[in-house]
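Chemist: Structure provided below as C-alpha cells; questions to follow.
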Amino acid sequence: MKQKFKHIFLNVFWLALAIGTLVLFVAAMQHRKNEFCNNLVIKINHHDQSNFITQDEIAELINSRGKVERLPIKKINLSILERVIKKNPWVRNSEIYFENNNVLHVDIDQNEAIARLFTVNGNSYYLDENGERLPIKNNATTRVVVISNFPSDNVKLSVPDSILLAQVTNLANLITLDSFWKAQIAQINITNNGKFELIPTLGNETILFGDIQFAKEKFEKMKAFYTAAWIKNGVSTYETIDLRFNNQIVAKRKENRPITKDSLIILNNDTLRR
Numbered sequence: 002m003k004q005k006f007k008h009i010f011l012n013v014f015w016l017a018l019a020i021g022t023l024v025l026f027v028a029a030m031q032h033r034k035n036e037f038c039n040n041l042v043i044k045i046n047h048h049d050q051s052n053f054i055t056q057d058e059i060a061e062l063i064n065s066r067g068k069v070e071r072l073p074i075k076k077i078n079l080s081i082l083e084r085v086i087k088k089n090p091w092v093r094n095s096e097i098y099f100e101n102n103n104v105l106h107v108d109i110d111q112n113e114a115i116a117r118l119f120t121v122n123g124n125s126y127y128l129d130e131n132g133e134r135l136p137i138k139n140n141a142t143t144r145v146v147v148i149s150n151f152p153s154d155n156v157k158l159s160v161p162d163s164i165l166l167a168q169v170t171n172l173a174n175l176i177t178l179d180s181f182w183k184a185q186i187a188q189i190n191i192t193n194n195g196k197f198e199l200i201p202t203l204g205n206e207t208i209l210f211g212d213i214q215f216a217k218e219k220f221e222k223m224k225a226f227y228t229a230a231w232i233k234n235g236v237s238t239y240e241t242i243d244l245r246f247n248n249q250i251v252a253k254r255k256e257n258r259p260i261t262k263d264s265l266i267i268l269n270n271d272t273l274r275r
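Laid out in C-alpha cells, this is it:
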C-alpha cells in the first residue's frame, strides 16, 4: 500500500512540476512580449569580397515599417523581417533573433560572386555558384572571371540559353575553386557556336577550350602543359592552345617567335607525362 501511495505521489509531483514550469515559461514569454526592443545589431559576413550589402541597407529594410528600436517585441514579426531581407539577391542566408537583453540581432551571410557576365548588348551582372543573377552596384566590385558574349538579356531564358548559362557557370566554378586557374584565367568568351575560349591573365594566347565535356580533364592537361611550356619556352610563345581534341593539346607558336622545329606542336598525354 505504501509503495502504491509513493508511486502516485511521485506521478503527481512530476505532473505539478511540469505544469508549473510551463506556466512560468508562458508567463515569462508574455512578460517579454510587453517589453521593448532595446537595440539593433547587424553583422554581415562579406567573404573577403566587396560590400555588396551594407549595414545601412539592412537597417533600412528592417525599419521600413517603423523603427524597431523601442518598438514592443510582440509587434516585431521575425519571420516577415527575414523574408524581406532575403529578397535582396546578395543575401545568401540570414538569421534574426532576440537575445536576453532584448537586443535584436541580424546575422547575414553575403552571397559570393564567381563571375561577371556581359551580354552581346553590353549589359552586365554577376553570377553566384548556382548561376543566379546578382546585380551590379556602382560602389562595389570584386575580382572574378569575366564571361563575355552571352546571347540573351532576358530574365526568363530560352531552353538553349538556360543550358548555355548552366555550362558557363560550371566552367566558372571550376576556375574559381582552383587557386591556379583563378589567378590565371581572366575571361571566358562564348563563341558564336556556343563553345568556349579562355583568355589568360599571364600570356597572350587564346585557349580553345571547346565544349564543357571532360572539362576537369582539360584543365588537368592544360596545367601540365603550362608547367612544362613556361619553363622551357616562356609565357609569350604561343598564339593558341587547343584543347578540343581527345587526349592531346595542340599548341600553335606565334609567327614572329623563333621556331626550332615546327610552328605547330602537338602534345599528347604521354608527352606531358615525360
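With the numbering used here as the guide, the letters of the sequence shown map in order to residues 2 to 275.
Glycine is no exception: its CB is placed at the ideal position from the N, C-alpha and C atoms.
Have a look at the DSSP bridge pairing and note the partners of Tyr-227.
Modeler: Taking the first residue of the sequence shown as 1, we reach residue 227 at position 226. BP columns for Tyr-227 are empty, so no partner.
Chemist: Restricting to runs no shorter than 4 residues, where is the alpha helix (DSSP H) found entirely within the segment 160-235?
Modeler: As far as the segment 160-235 is concerned, its whole alpha helix (DSSP H) runs of at least 4 residues are 160-178, 180-185, 216-234.
Chemist: Just to confirm before moving on: does the CB-CB distance between Ile-189 and Gln-111 stay below 8 Å?
Modeler: Position 188 of the sequence shown, counting from 1, holds the residue named residue 189. Position 110 of the sequence shown, counting from 1, holds the residue named residue 111. The answer is no: Cβ separation not under 8 Å.
Chemist: DSSP three-state label for Ala-60, please.
Modeler: By 1-based counting over the sequence shown, the position of residue 60 is 59. The answer is helix: DSSP assigns Ala-60 an H, G or I state.
Chemist: By the 10 Å Cβ neighbour count, where 16 or more other Cβ atoms means buried, how is Lys-222 classified, buried or exposed?
Modeler: In the sequence shown, residue 222 corresponds to position 221, counting from 1. Per the 10 Å Cβ criterion, buried.
Chemist: Roughly how many angstroms separate the alpha carbons of Cys-38 and Ala-60, rounded to a whole number?
Modeler: Along the sequence shown, one-based indexing puts residue 38 at 37. Along the sequence shown, one-based indexing puts residue 60 at 59. Cα to Cα, the separation comes out at about 14 Å.
Chemist: So, helix, strand or coil for Lys-255, using DSSP?
Modeler: Working through the sequence shown from its first residue, we reach residue 255 at position 254. Here Lys-255 sits in coil by DSSP.
Chemist: Just the C-alpha distance for Asn-234 and Gln-214, rounded to the nearest angstrom, thanks.
Modeler: The residue given as residue 234 occupies position 233 in the sequence shown. The residue given as residue 214 occupies position 213 in the sequence shown. Each residue's alpha carbon lies about 29 Å from the other.
Chemist: Rounded to whole angstroms, what is the Cα-Cα separation between Val-24 and Glu-70?
Modeler: Locating residue 24 in the sequence shown gives position 23, counting from the first residue. Locating residue 70 in the sequence shown gives position 69, counting from the first residue. Low local confidence applies: a pLDDT of 45 at Val-24 is under 50, so the model's placement there is unreliable, with the coordinate-based value given in what follows. So the alpha carbons of these two residues sit roughly 29 Å apart.
Chemist: Compute the Euclidean distance between the alpha carbons of Ser-95 and Leu-175, then round it to the nearest angstrom.
Modeler: In the sequence shown, residue 95 corresponds to position 94, counting from 1. In the sequence shown, residue 175 corresponds to position 174, counting from 1. Roughly 27 Å between the two C-alpha positions.
Chemist: Work out the CA separation of Asn-64 and Val-27 for me, nearest whole Å.
Modeler: What you label residue 27 is simply residue 26 of the sequence shown in a count that begins at 1. What you label residue 64 is simply residue 63 of the sequence shown in a count that begins at 1. Because the pLDDT at Val-27 is just 46, under 50, the model does not fix this residue reliably, and the value given afterwards should be weighed accordingly. Rounded to whole angstroms, Val-27 to Asn-64 spans 28 Å at the Cα level.
Chemist: Give the DSSP bridge partners of Phe-37, in chain order.
Modeler: As a working note, residue 37 is residue 36 in the sequence shown. BP columns for Phe-37 point to Pro-73.
Chemist: Considering Cα atoms alone, identify which of Trp-91, Phe-119, Lys-68 is closest to Glu-113.
Modeler: Numbered from 1 along the sequence shown, position 112 holds the residue referred to as residue 113. For Glu-113, the nearest C-alpha among the options comes from Trp-91.
Chemist: Between the alpha carbons of Arg-93 and Gly-132, how many angstroms are there, rounded?
Modeler: On the sequence shown, residue 93 is found 92 positions in, with the first residue counted as 1. On the sequence shown, residue 132 is found 131 positions in, with the first residue counted as 1. Answer to the nearest angstrom: the Cα atoms are 13 Å apart.
Chemist: Rank Glu-206, Thr-238, Thr-202, Ile-242 by C-alpha distance to the C-alpha of Lys-219 and give the top, closest one.
Modeler: Against the sequence shown, residue 219 aligns to sequence position 218. Ranking Glu-206, Thr-238, Thr-202, Ile-242 by Cα distance to Lys-219 puts Ile-242 first.
Chemist: Considering only their Cβ atoms, is the gap separating Val-169 from Ile-191 smaller than 8 Å?
Modeler: The residue given as residue 191 occupies position 190 in the sequence shown. The residue given as residue 169 occupies position 168 in the sequence shown. Yes, the pair counts as a contact, with Cβ atoms nearer than the cut-off.
Chemist: Considering only residues of the same chain and omitting the five flanking positions on each side of Phe-99, which have a CB-CB separation below 7 Å?
Modeler: If you number the sequence shown from 1, residue 99 lands on position 98. Closer than 7 Å at Cβ, skipping near neighbours: Ile-74, Leu-105.
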